[in-house]
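Enquirer: Take the position in the sequence shown, starting the count at 1, then add 1; the result is the number in the numbering used here. Built from N, CA and C at the ideal position, the CB exists for glycine as well. Being a predicted model, the structure only gives us computed values, none of them experimental.
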Amino acid sequence: MALLETQNLTYAYSRGTPFEVTAVDDVSISIEKGDFIGIIGHTGSGKSTLVQHLNGILKPTSGKILFNGEDIHSSKEFTRSIRFKVGLCFQYPEYQLFESTVFDDIAYGPKNMGLDKAQVEEHVLKACEFVGIKTELLKKSPFDLSGGEKRRVAIAGVMAMEPEILILDEPTAGLDPKGREKIEKMINEYRNVTNNTVIIVSHSMDDVAKNASKVLVMNKGRVEFFTGVGEVFSNIERLSEIGLDVPSITQVFLELKKRGYNVRTDIYSVKKAKEELLRLFGERGVI
Numbered sequence: 002m003a004l005l006e007t008q009n010l011t012y013a014y015s016r017g018t019p020f021e022v023t024a025v026d027d028v029s030i031s032i033e034k035g036d037f038i039g040i041i042g043h044t045g046s047g048k049s050t051l052v053q054h055l056n057g058i059l060k061p062t063s064g065k066i067l068f069n070g071e072d073i074h075s076s077k078e079f080t081r082s083i084r085f086k087v088g089l090c091f092q093y094p095e096y097q098l099f100e101s102t103v104f105d106d107i108a109y110g111p112k113n114m115g116l117d118k119a120q121v122e123e124h125v126l127k128a129c130e131f132v133g134i135k136t137e138l139l140k141k142s143p144f145d146l147s148g149g150e151k152r153r154v155a156i157a158g159v160m161a162m163e164p165e166i167l168i169l170d171e172p173t174a175g176l177d178p179k180g181r182e183k184i185e186k187m188i189n190e191y192r193n194v195t196n197n198t199v200i201i202v203s204h205s206m207d208d209v210a211k212n213a214s215k216v217l218v219m220n221k222g223r224v225e226f227f228t229g230v231g232e233v234f235s236n237i238e239r240l241s242e243i244g245l246d247v248p249s250i251t252q253v254f255l256e257l258k259k260r261g262y263n264v265r266t267d268i269y270s271v272k273k274a275k276e277e278l279l280r281l282f283g284e285r286g287v288i
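1. Among the residues of its own chain, which have a CB less than 6 Å from the CB of M219, if the five just before and after it don't count?
2. Could you tell me which residues DSSP puts in a beta bridge with I41?
3. Give the secondary structure of V202 by DSSP, where H, G and I count as helix, E and B as strand, and everything else as coil.
4. For the alpha helix (DSSP H) that K77 lies in, which residues bound it at each end?
5. Is the Cβ-Cβ distance between Y191 and M160 less than 8 Å?
6. Suppose the cutoff is 6 Å on Cβ atoms and the five residues either side in sequence are ignored; what does the same chain contact list for K140 look like?
7. Counting only runs that start and end within the stretch 91-136, where is the alpha helix (DSSP H) found for 4 or more residues in a row?
8. Does the contact criterion of 3 or more C-beta pairs under 8 Å hold for the stretch 130-144 versus the stretch 102-114?
9. For the alpha helix (DSSP H) containing R16, name the first residue and the last one.
10. Just to check my reading of the structure: V121 and A108 have Cβ atoms closer than 8 Å, yes? What is that Cβ distance to the nearest angstrom?
11. In chain order, what residues of the same chain lie with their CB nearer than 6 Å to the CB of I188, ignoring the 5 residues before and after it?
12. If we call anything under 8 Å between Cβ atoms a contact, is L169 one with I156?
13. Can you tell me where the alpha helix (DSSP H) holding I156 begins and where it ends?
14. DSSP three-state call for K65: helix, strand or coil?
15. Can you give the Cα-Cα distance for E276 and N193, rounded to whole angstroms?
16. Would you kindly work out how many angstroms separate the C-alpha atoms of V233 and A119, rounded to a whole number?
17. If you draw a straight line from the alpha carbon of F91 to that of L217, how long is it in whole angstroms?
18. Where does S249 sit, in a helix, a strand or coil, going by DSSP?
19. Distance check for R239 and P1, CA to CA, integer angstroms please.
20. Pull up the distance between the alpha-carbon of G17 and that of K186, whole angstroms please.
21. Can you look up V224 in the DSSP assignment and give me helix, strand or coil?
22. Could you check if N9 is buried or exposed, using at least 16 other CB atoms within 10 Å of its CB as the buried criterion?
23. Just tell me which of E95, K112, E123 and T198 has its CA closest to the CA of E150.
24. Exposed or buried, Y12, counting other C-beta atoms within 10 Å across all chains shown (16 or more means buried)?
25. In whole angstroms, what is the alpha-carbon distance linking K135 and R153?
26. Looking at C-alpha atoms only, which residue of N236, D207 and K179 is the closest neighbour of T266?
27. Looking at C-alpha atoms only, which residue of D246, S214, L167 and L126 is the closest neighbour of H204?
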């Protein structure tokens, strides 16, 4: 049984008015425990609308979302519990910080789960360890932190609930390369330690190729692809048709192929690029 599943999920904004728009159209996907899924698509493809359904923020116009086989909207109580099991961190989450201290901001979710003081503190400290927030910062106002630190505090607030599924909408948006690297590293460490499911919405093909194990490509509210990273990025022509690029490293190998080199073009990571180049040089007697 899938951990999380959508069945013919459809959602329309401004339903019944002349401005009605179908943002998600008949989407059926299954998500397993431990999956690391990257969601990509052009602006307006339905990415953010889809993930807001996965923890019950939005309710489908039609179709269902199932968590461990149960409809997440089967009761108000179950819908509320899903908010803790499927944690969603919005784009630019630092703008949603509101408590007087860093500790209280991270502790907000665990407190609402009904945990006692000792449990709340345990959850907060564990989340801080994942995101690299030092304990001396916990008494400070979140508004005194740097942009990158604020982002990590906001993500820690979702991690502190210890959700079975962590969803991050554009977690590295607006950060410099160093900040992006820190966020990527902490997300990978979180997944490796917890083995929890992670879903990332991103505009960066390189980030998705480097980190995800499966890719969901959205196009005009529908699922274009939902499969392994290599399979998705081998569909270069179709991705281009719907306004998406392939990772930079894949583009390099496409160019090598055009110039007559016998290389594979389903290369999307540095590790695979190294292996392919070593193979090529070996064939040519260079090494």
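Expert: This is what the structure gives:
1. G42, S46, G47 and K48
2. V218
3. strand
4. K77 to K86
5. yes
6. T102
7. 103-113 and 118-132
8. yes
9. Here R16 belongs to no alpha helix (DSSP H), and DSSP marks it neither H nor E.
10. 5 Å
11. none
12. yes
13. G148 to M160
14. strand
15. 24 Å
16. 45 Å
17. 18 Å
18. helix
19. Beyond the ends of the chain as shown, which are 2 and 288, falls residue 1; an answer cannot be given.
20. 45 Å
21. strand
22. exposed
23. E95
24. buried
25. 11 Å
26. N236
27. D246
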